[in-house]
DNA sequence: TAGCTATTTAGCCAACTAGCTAAATTATAA
DNA sequence: TTATAATTTAGCTAGTTGGCTAAATAGCTA
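Residue numbers (our numbering), protein chains in the order written: chain A, 12 to 104; chain B, 12 to 104.
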């Protein structure tokens with residue numbers, strides 16, 4: 012839980028999640044969207060992975076990351092419960 | 012936005028918000044729920060206040076803090092939009 | 001095997017964070 | 001005005017974070 016919050020508190024990592032929301036991507040592909048170096052992004056990946064927000068699988072020489080949507084949804088739900096917020100009020104209309 | 016995320020990423024501050032969810036409280040009253048010193052809590056209050064998550068008003072010699080529920084709800088909504096999550100799926104049943 | 005690509009690990013640094021104690025501030029009470 | 005209570009500010013320390021470069025690892029390909 013705390014790991015997930017910490018992982019979400021960084022803007023770079025949130026953007027990574029947004030990118031993966033569209034489709035699975037390799038580490039290098041994701042890194043292409045940022046100005047930081049690959050080692051820097053690599054560490055962000057490991058933080059996200061430790062929080063179980065993404066999952067990487069090796070495909071021969073590349074690693075493809077995929078978003079763990081369920082964990083993201085569960086975290087938001089947990090937050091709403093923690094603060095006693097009514098989901099009905101979250102509707103965006 | 013980033014300030015709000017950072018403010019929410021600390022467990023002590025989340026617990027402060029939870030306490031204020033129940034009712035308004037003075038700084039000292041809130042501090043009574045924690046093992047940390049008052050100066051430490053005081054700084055947490057200022058972080059929460061800068062993120063606009065709480066608001067303090069002076070009552071003679073005490074300061075009463077109150078939760079800004081709207082900002083909390085808006086932040087969660089923004090997160091859900093950011094990650095394209097359907098509010099319907101957040102229902103807790 | 002040697003070389004190339006993709007990715008991570010190691011090691012360093014500057015900036016930030018959360019905790020503490022001591023001191024300053026502000027208001028009330030004697 | 002002196003003392004007490006509530007709270008914050010200042011200044012310090014230890015630990016964490018995010019960035020970088022250089023080196024290591026793993027898988028291909030010639």
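Beta carbons are placed, not taken as given, at the ideal position from N, Cα and C, and that holds for glycine. Note that the structure is a prediction, hence the values are computed from the model and not measured.
Where residue 35 of chain B and residue 50 of chain B are concerned, what is the direct C-alpha to C-alpha distance, given to the nearest angstrom?
If you draw a straight line from the Cα of residue 35 of chain B to the Cα of residue 50 of chain B, it is about 20 Å long.
For a contact meaning CB atoms closer than 9 Å, what does residue 56 of chain A contact in chain B?
Against chain B, a Cβ distance below 9 Å from residue 56 of chain A picks out nothing, because the smallest value is about 17 Å.
Pull the bridge partners of residue 69 of chain A from the DSSP assignment, please.
Partner(s): A/74.
Assess, as a yes-or-no matter, whether the segment 60 to 71 of chain B is touched by the segment 45 to 65 of chain A under the definition of 3 or more beta carbon pairs within less than 8 Å.
Cβ pair count under 8 Å is below three, so no.
Where does the unbroken alpha helix (DSSP H) through residue 32 of chain B begin, and where does it stop?
Looking at the DSSP string, the run of the alpha helix (DSSP H) that includes residue 32 of chain B is 22 to 33.
Helix, strand or coil at residue 42 of chain B [DSSP, three-state]:
Residue 42 of chain B falls in the helix class under three-state DSSP.
In chain B, which residues lie less than 7 Å from residue 36 of chain A when you measure between Cβ atoms?
Contact annotation for residue 36 of chain A against chain B: no contact, minimum CB-CB distance about 16 Å [criterion: below 7 Å].
Same chain, Cβ closer than 7 Å to residue 45 of chain B, neighbours up to 5 away in sequence not counted
Sequence-distant partners of residue 45 of chain B (beyond 5 residues in either direction) whose C-beta falls short of 7 Å from its own C-beta, in its chain, are 23, 52.
With the cut-off set at 9 Å, would you say residue 30 of chain B and residue 94 of chain A are in Cβ contact?
No, they are not a contact pair.
Taking Cβ positions only, does residue 77 of chain B come closer than 9 Å to chain A?
It does not; no Cβ of chain A falls within 9 Å.
Using a Cβ-Cβ cut-off of 9 Å, state whether residue 47 of chain B counts as contacting chain A.
Not a single CB atom of chain A sits nearer than 9 Å to the CB of residue 47 of chain B.
DSSP three-state call for residue 61 of chain A: helix, strand or coil?
Residue state, collapsed to three classes: helix.
Establish whether the CB of residue 66 of chain B and some CB of chain A are separated by less than 9 Å.
Taking CB atoms only, residue 66 of chain B has no neighbour in chain A less than 9 Å away.
Distance cutoff 9 Å, beta carbons only. Does residue 59 of chain A sit that close to anything in chain B?
No, residue 59 of chain A does not count as interfacial toward chain B.
Backbone CA spacing between residue 85 of chain A and residue 78 of chain B [nearest angstrom]
Roughly 24 Å between the two C-alpha positions.
Output yes if chain A places a C-beta closer than 9 Å to the C-beta of residue 71 of chain B; else output no.
Output row for residue 71 of chain B: interface = no.
Kindly indicate if chain A contains any beta-carbon less than 9 Å away from that of residue 84 of chain B.
Yes - at least one Cβ of chain A is within 9 Å of the one on residue 84 of chain B.
With respect to the alpha helix (DSSP H) encompassing residue 86 of chain B, which residues constitute its N-terminal and C-terminal limits?
First-last of the alpha helix (DSSP H) with residue 86 of chain B: 80 to 93.
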